[in-house]
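Protein chains in written order, with the numbering used here: chain A, 1 to 112; chain B, 1 to 111.
All C-beta atoms in this analysis are idealised placements derived from N, C-alpha and C, irrespective of residue type, glycine included.
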Amino acid sequence: SQQGEEDPQALSIQEGENATMNCSYKTSINNLQWYRQNSGRGLVHLILIRSNEREKHSGRLRVTLDTSKKSSSLLITASRAADTASYFCATDGIQGAQKLVFGQGTRLTINP
Amino acid sequence: NAGVTQTPKFQVLKTGQSMTLQCAQDMNHEYMSWYRQDPGMGLRLIHYSVGAGITDQGEVPNGYNVSRSTTEDFPLRLLSAAPSQTSVYFCASSYGVGEQFFGPGTRLTVL
């Protein structure tokens, strides 16, 4: 079963605006990762946050993790048309670091 | 480096046929995994390997076999294809815990 649940399922914003996507999970984790998938392509790793971290930045990306609420958020600032893609969270936990469990994803559309 | 490569890119099978999806990586990664992605869904883990000669089942292993005779290659075998196996298949590799590198995918249709 899918552990990660993402919200919203789809998001459409104007170029330049910020986009926020949320991920919730059910069991304890070691790490949480975010991936991007352009249409018809493989996934590309964006950022990893460990269970003992609360916030992490990478360029225009900001990820937060709240282990007490079992949730994470991905913020993309100053969005660009090239950010149009699907975004997935993935968690690993007691089932093993190699056994990533992916959410269903958020489809982000950036309108010019 | 080519990264993670997958062949074929597209495949159409009839119910009951068997085939092998190929996956290779040139990054000397220990860990390799196979996922399937159904429309509007995230990825689900089929099988994974933590090194040559070592494989284990993921979330949806039924109907699939894997082997890992070398570090570079991790083929996925469909034993007797069923329409429920129509999906996009992704192979991924990683050095350890953390970032996984994905191949471009194989789009499989079973009639």
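Do you know whose CA, among the options, lies nearest residue i's CA?
i	options	result
B/Y89	B/I54, B/G53, B/T109	B/T109
A/Q37	B/F102, B/R107, B/Y31	B/F102
A/S58	A/T77, A/P8, A/S68	A/T77
A/L48	A/K56, A/S28, A/N22	A/K56
B/V97	A/L32, A/L75, A/K69	A/L32
A/N18	A/A10, A/L43, A/N30, A/L74	A/L74
B/T15	B/L78, B/Q25, B/M27, B/A92	B/L78
A/E5	A/I13, A/A85, A/R54, A/T27	A/T27
A/Y25	A/S86, A/D83, A/K69, A/L108	A/K69
A/I13	A/T84, A/R50, A/T64, A/F88	A/T84
B/S33	B/S80, B/Q22, B/A81	B/Q22
B/G40	A/Q9, A/L100, A/K99, A/D92	A/Q9
A/G42	A/Y87, A/T64, A/D66	A/Y87
A/M21	A/V44, A/L65, A/K99, A/Q98	A/L65
A/V63	A/L100, A/G16, A/Y35, A/P112	A/Y35
A/R60	A/R50, A/G16, A/T67	A/G16
B/Q100	A/D7, A/R50, A/V44, A/T67	A/V44
Tell me whether residue i sits in a helix, a strand or coil according to DSSP, three-state version.
i	result
A/A78	coil
B/V56	Correcting the residue type first, residue 56 of chain B is Asp in the shown sequence and not Val. Three-state DSSP puts B/D56 in a strand.
B/V85	As written in the sequence, residue 85 of chain B is Gln, which differs from the Val given in the question. DSSP places B/Q85 in helix when its eight states are reduced to three.
A/D83	helix
A/G59	coil
B/T15	coil
A/D92	strand
A/F102	strand
B/T20	strand
A/R107	strand
A/R54	coil
A/Q2	Below a pLDDT of 50, predicted positions are generally treated as unreliable, and A/Q2, at 46, falls in that range; the measurement from the model is reported next regardless. Reduced to three states, the DSSP call for A/Q2 is coil.
A/K73	Note on identity: in this sequence residue 73 of chain A is Ser, with Lys being the wrong assignment. Looking at A/S73 - three-state DSSP - the assignment turns out to be strand.
B/G105	coil
A/Q37	strand
B/Y64	strand
B/F90	strand
B/H29	coil
B/V95	Looking at the sequence shown, residue 95 of chain B is not Val but Tyr. The answer is coil: DSSP assigns B/Y95 none of H, G, I, E or B.
Taking the CB atoms as reference points, tell me whether residue i and residue j lie closer together than 7 Å.
i	j	result
A/I110	A/A81	yes
B/P104	B/Q6	yes
B/L43	B/Y35	yes
A/L46	A/L108	no
A/S79	A/C23	no
B/R38	B/Y48	Before going further, note that residue 38 of chain B is Asp rather than Arg in the sequence given. No, the pair does not count as a contact, with Cβ atoms beyond the cut-off.
A/N30	A/D92	yes
Using 8 Å for Cβ pairs, my map puts residue i next to residue j. What's the rounded Cβ distance?
i	j	result
B/S69	B/H29	Incorrect: roughly 15 Å between the Cβ atoms, too far for contact.
B/T86	B/P8	Wrong, their Cβ atoms sit about 15 Å apart, outside the cutoff.
B/G53	B/L45	With a Cβ gap of about 20 Å, B/G53 and B/L45 do not count as contacting.
B/P83	B/T20	Wrong, their Cβ atoms sit about 19 Å apart, outside the cutoff.
B/C190	B/V4	Since the first residue shown for chain B is 1 and the last is 111, residue 190 of chain B is missing from the structure and cannot be characterised.
B/A24	B/E72	5 Å
B/V50	A/Q98	6 Å
- [ ] Inspect the CB distances between the region 62-75 of chain B and the region 97-106 of chain A and report whether three or more fall short of 8 Å.
- [x] By the Cβ test, the region 62-75 of chain B is not in contact with the region 97-106 of chain A, since fewer than three Cβ pairs between them sit closer than 8 Å.
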